[in-house]
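Per our numbering, the sequence shown runs over residues 472 to 714.
Glycine included, each C-beta is placed from N, C-alpha and C at the ideal position.
These figures come from a predicted structure and were not determined experimentally.
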Amino acid sequence: MRLNNKVAIITGAAKGIGYAAAERFIEEGAVVFIADYDNEAGIAAAGQLGEKAAFIQVDVANRESVKQLVATVIEQAGQIDILVNNAGITRDAMLTKMTEDQFQQVLDVNLTGVFHCTQEVIPHMVAARGGKIINTSSVSGVYGNVGQTNYAATKAAIVGMTKTWAKELGRKGINVNAVAPGFTETDMVKKMPENILAQMRSIVPLQRLGTPRDIANAYLFLASDEASYVHGHTLHVDGAIMM
Ligand code: CAA
Ligand code: NAI
Numbered sequence: 472m473r474l475n476n477k478v479a480i481i482t483g484a485a486k487g488i489g490y491a492a493a494e495r496f497i498e499e500g501a502v503v504f505i506a507d508y509d510n511e512a513g514i515a516a517a518g519q520l521g522e523k524a525a526f527i528q529v530d531v532a533n534r535e536s537v538k539q540l541v542a543t544v545i546e547q548a549g550q551i552d553i554l555v556n557n558a559g560i561t562r563d564a565m566l567t568k569m570t571e572d573q574f575q576q577v578l579d580v581n582l583t584g585v586f587h588c589t590q591e592v593i594p595h596m597v598a599a600r601g602g603k604i605i606n607t608s609s610v611s612g613v614y615g616n617v618g619q620t621n622y623a624a625t626k627a628a629i630v631g632m633t634k635t636w637a638k639e640l641g642r643k644g645i646n647v648n649a650v651a652p653g654f655t656e657t658d659m660v661k662k663m664p665e666n667i668l669a670q671m672r673s674i675v676p677l678q679r680l681g682t683p684r685d686i687a688n689a690y691l692f693l694a695s696d697e698a699s700y701v702h703g704h705t706l707h708v709d710g711a712i713m714m
């Protein structure tokens, strides 16, 4: 029970990697707030996960919505020990075809959303003299990926923000780290052309895609006290796809 009595907010936890993380955190004793844009999937997820899960609808790109999320969690649980900035979207297109809208939408969710959530949660962690922030980067942000100018830019920025926040918040007792997943079996990769996904799968030395639980286990490690001296780090959980 590595997260006994801990309260976690996991953004984008209605499905995919975030859902697996909610499940894993609850198995280890945490209370989890599923903070997701998708109302229907969020309600269903909370129902499946039982009494230690609650769903709050949020658009991480919207500051007021995030303020409301944090106020509700504090009202209902009194504390926030862990924030997993997991919500993310893709709007893939080759650079020459990418629209301003596609570029901006991805920045709004994957980058500004992480800024909003962390900035709103931090005062509560500072007051409690501790906390864990876990951000979600990607293999695309570390190595680049065809068709992902917008997405790769945000996921590379996550690495820089994580290091910056580690420097700013370490003295407040707050651990900040990131996970950079490789291609993982969720709805996000289902949108990829099958031939490109097959090509990606074939270059992974482990010869398989990641499972949501593979990534959730990395979030869990970084959220636990076992990772107390891991700080400003981006943990690659990608089957060594680009080694
Ligand atoms: N490597 C090398 N070349 C590639 C390539 C790749 N991965 N993908 C496309 N190309 C090449 C094509 O072969 C083609 O070459 P030619 O012009 O010589 O024929 C050229 O780029 C244009 O490709 P398309 O014809 O497919 O162009 P399109 O405009 O129809 O579609 C695209 C472009 C939307 C980017 C589409 O190729 C696509 O969806 N690719 C997948 C992008 C991807 O990997 N997304 C990851 C989503 S999952 C995720 O994001 C999670 C995570 O963190 C990893
Ligand atoms: P997914 O598409 O299965 O789930 C993403 C969730 O985020 C959805 O429930 C969606 O409703 C929610 N969401 C989207 N926009 C939101 C917003 N504005 N506010 C609140 N919630 C919002 O995606 P997946 O695969 O589970 O991805 C989770 C994270 O992992 C993302 O940050 C993604 O970029 C990252 N990642 C995923 C990889 C993969 O191969 N699946 C690889 C590397 C990183």
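First and last residue of the uninterrupted beta strand (DSSP E) at residue i
| i | result |
| --- | --- |
| Pro652 | 645-652 |
| Ile605 | 602-607 |
| Ala687 | Unbroken run through Ala687 is the alpha helix (DSSP H), 683-694; no beta strand (DSSP E). |
| Ile505 | 502-507 |
| Gln528 | 524-528 |
| Thr705 | 705-708 |
| Val478 | 478-482 |
Member of the options whose CA lies at the smallest distance from the CA of residue i
| i | options | result |
| --- | --- | --- |
| Leu753 | Asp579, Met569, Gly513, Ala506 | Residue 753 is absent from the model: the chain starts at 472 and stops at 714. |
| Phe586 | Ala599, Gly559, Thr570 | Gly559 |
| Gly615 | Asp579, Met713, Ile514 | Met713 |
| Glu656 | Lys638, Val531, Asp709, Lys538 | Asp709 |
| Ser609 | Ile629, Ala599, His595 | Ile629 |
| Tyr700 | Lys523, Lys662, Ile645, Ala598 | Ile645 |
| Arg684 | Ala624, Thr620, Asn475, Lys486 | Lys486 |
| Lys603 | Glu511, Thr543, Gly641 | Gly641 |
| Gln576 | Cys588, Thr620, Phe654, Thr633 | Thr620 |
| Val478 | Val537, Ala548, Ala484 | Ala548 |
| Ala542 | His704, Ile593, Phe692 | Ile593 |
| Lys643 | Phe692, Ala627, His595 | His595 |
| Gly681 | His702, Thr589, His707 | His707 |
| Thr583 | Gln550, Val597, Glu535, Thr570 | Glu535 |
| Gly653 | Phe692, Gly513, Leu677 | Leu677 |
| Gln539 | Asn510, Gly483, Glu591 | Glu591 |
Supposed close pair residue i, residue j - CB separation, criterion 8 angstroms
| i | j | result |
| --- | --- | --- |
| Thr561 | Tyr622 | 5 angstroms |
| Ala651 | Ala492 | The Cβ separation is near 15 angstroms, so there is no contact. |
| Asn533 | Asn606 | Their Cβ separation, rounded to whole angstroms, is 19 angstroms, which puts Asn533 and Asn606 out of contact at 8 angstroms. |
| Ala564 | Gly618 | 6 angstroms |
| Val537 | Ala524 | Not really, about 19 angstroms apart at Cβ, beyond 8 angstroms. |
| Phe432 | Ala694 | The chain is shown from 472 up to 714; residue 432 falls before or after that span and cannot be answered. |
| Glu499 | Met472 | 6 angstroms |
| Thr705 | Trp636 | Actually they do not touch by this definition, with Cβ atoms about 12 angstroms apart. |
Boundaries (first-last residue) of the alpha helix (DSSP H) holding residue i
| i | result |
| --- | --- |
| Asn666 | 665-673 |
| Leu554 | Not the alpha helix (DSSP H): Leu554 falls in the beta strand (DSSP E), residues 553-556. |
| Asn566 | Correcting the residue type first, residue 566 is Leu in the shown sequence and not Asn. Looking at the DSSP string, Leu566 is not in any alpha helix (DSSP H), and its letter there is neither H nor E. |
| His595 | 584-598 |
| Ala698 | From DSSP, Ala698 is part of no alpha helix (DSSP H); its letter is neither H nor E. |
| Ile544 | Rather than Ile, the amino acid found at residue 544 in this sequence is Val. Per DSSP, Val544 belongs to the alpha helix (DSSP H) from 534-548. |
| Met713 | First-last for Met713: undefined, no H or E at that position. |
| Asp579 | No alpha helix (DSSP H) holds Asp579; DSSP gives it neither H nor E. |
| Val531 | Run containing Val531: none; DSSP gives neither H nor E here. |
| Gln519 | 510-520 |
| Val617 | Per DSSP, Val617 belongs to no alpha helix (DSSP H) and is neither H nor E. |
| Gly487 | 487-498 |
| Met659 | 658-661 |
Closer than 6 angstroms: residue i CB and nearest ligand 4 heavy atom
| i | result |
| --- | --- |
| Tyr508 | Absence of ligand 4 from the depicted structure is noted, with ligand 1 and ligand 2 being the only ligands included. |
> Taking a cut-off of 6 angstroms, which residues have a beta-carbon closer than that to any heavy atom of ligand 1, in chain order?
Replying inline: Those residues, listed in chain order, are Thr561, Asp563, Ala564, Met565, Lys568, Ser609, Val610, Ser611, Asn616, Val617, Gly618, Gln619, Tyr622, Phe654, Met659, Val660, Met663, Pro664, Ile667.
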